[in-house]
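Residue numbers in the sequence shown follow our numbering, run continuously in steps of one, and reach 438 at the last position.
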Amino acid sequence: MNGHIFGPVPSRRLGRSLGIDMVPFKTCTYDCVYCQLGHTTCKTTDRKEWTPLEGVLAELEEHLPTTADYVTLSGSGEPTLHSRIGEAIDRIKGMTDVPVAVLTNGSLLWQAELRRELAGADLVIPSLDAGSPSTFEQVNCPHEDISFERLLDGLATFRGEFRGPYWLEVFLITGVTTSNAEVERLVRCVDRIGPDRVQLNTVTRPPAELGLAPVSRDLLDRLAGRFHPPAEVIAAHHDGWEETGSAGGQREVLDLLRRRPCTLDDVAHGLGMHRNEVVKHLESLAVAEQVRFTCIEGRWYYVAIR
Ligand code: SF4
């Protein structure tokens, strides 16, 4: 089955990123309140060959050579749930000189075997969204196997072992993780982990839960200085960056939404695009105030602003 490769899509951190979906849609260890893909339908810690690796690599072959800056294992769920991720990294590196990045929520890094499998990656970007167990439960809604201490221990142990660049993403939500006390706890956790870079993000895409408020650029800039090393702000506030994306695809999405409101899946199926590519376009259009999202009877619809 095809549909595991998407892009290259523009990424603030990675330039042009050729994405690889390693697990089925919304198969994840978390059910984050801010997830732009909606609620997790398969919450699990089972590491197995969720998608046949041979098929994924055969599909990748069709996209090579590529002008992408990174081949990125990420997608619509948690990529480290794939039991052959280490082999995937090694074989991709044998197929292309483009560096391989892994975007992960970091929740399984307490497993020594997984840490060994990720050793061959050129860049790993785990995330940490909370400074305390209660906030972790509130924001990430983790699988019961994953405690906050287990998460932190995995993130810190991996830092000690991984020789490549390690960037830690911290996702902040107004009123949830922006209090002085919570930020202080987050700073202490980040100190314990010791990443090469800290990157602050906030809600810019349609979140799973209603009513989540983004953190303003101004506040993110101020909070950035409290981290060590000082954090970079990677949230997509309206700064014109997104216009460097694939204008053709974005125009098609906007044209469709001008005809009728659509869900993420409607757009993906209607235009034959990967969901993650659609999310990128919707994010750009939302930042440019050309679309908004609205919840009708429990479903998210995207609507063009005329
Ligand atoms: S944001 Fe990432 S880690 Fe959180 S539920 Fe969505 S896919 Fe999983």
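In this text, a Cβ means the ideal position worked out from N, Cα and C, and glycines have one as well.
Relative to the ligand SF4, the beta carbon of L213 is positioned no closer than 7 Å to any heavy atom. N237 is positioned such that its CB atom lies closer than 8 Å to that of Y162. A Cβ-Cβ separation of about 6 Å places T309 in contact with A262 under the 8 Å criterion. Residue pairing by DSSP places D153 opposite S206 in a beta bridge. Assigned with DSSP and collapsed to three states, H214 falls in strand. By the CB criterion at 8 Å, A356 and L389 fall outside the cutoff.
Scanning R354, M154 and R391 for the CA closest to the CA of R216 turns up M154. Positions of the alpha helix (DSSP H) runs, each at least 4 residues long and wholly inside the segment 284-326, are given as 312-325 in order along the chain. DSSP lists T204 and L255 as the bridge partner or partners of A233. Between the alpha carbons of C394 and N408 lies a distance of about 15 Å.
Closest by C-alpha distance to R291, out of E210, I152 and D328, is D328. Per the DSSP secondary-structure output, N333 pairs in a beta bridge with F303.
Less than 8 Å divides the Cβ of T198 from the Cβ of L150.
Here the residues close to the ligand SF4, judged by CB distance below 5 Å to any of its heavy atoms, are C160, Y162, C164, C167 and N237 in chain order.
In this chain, the alpha helix (DSSP H) harbouring G187 covers L185 to E194.
Within the same chain, V232 and G252 come within 7 Å of K225 by CB-CB distance, once the 5 residues on both sides are set aside. T177 sits in coil when the DSSP states are folded into three classes, being neither helix nor strand. Unbroken alpha helix (DSSP H) runs of no fewer than 4 residues, entirely contained in the segment 344-424, are found at 349-356, 379-391, 396-403 and 407-419, following chain order. DSSP places P274 outside both helix and strand once states are collapsed to three, so it counts as coil. Only residues of its own chain outside the window of five on either side were considered, and among them D261 and N333 have a CB closer than 6 Å to the CB of F303, listed in chain order. 8 Å or more divides the Cβ of L287 from the Cβ of P265.
Listed in chain order, the non-local C-beta contacts of E421 below 7 Å within the same chain comprise I437, local neighbours out to five positions each way being set aside. With a threshold of 16 other beta carbon atoms within 10 Å, E316 falls short and is exposed. Assignment of I437 by DSSP, reduced to helix, strand and coil, places it in the coil class.
With a threshold of 16 other beta carbon atoms within 10 Å, N272 meets it and is buried.
Distance from R349 to V365 at the Cβ level is roughly 7 Å; contact confirmed, criterion being Cβ atoms closer than 8 Å.
Restricting attention to V347, T176, L284 and D178, the CA atom closest to the CA of R324 is found in L284. As computed with DSSP, I137 is found in a beta bridge with I152.
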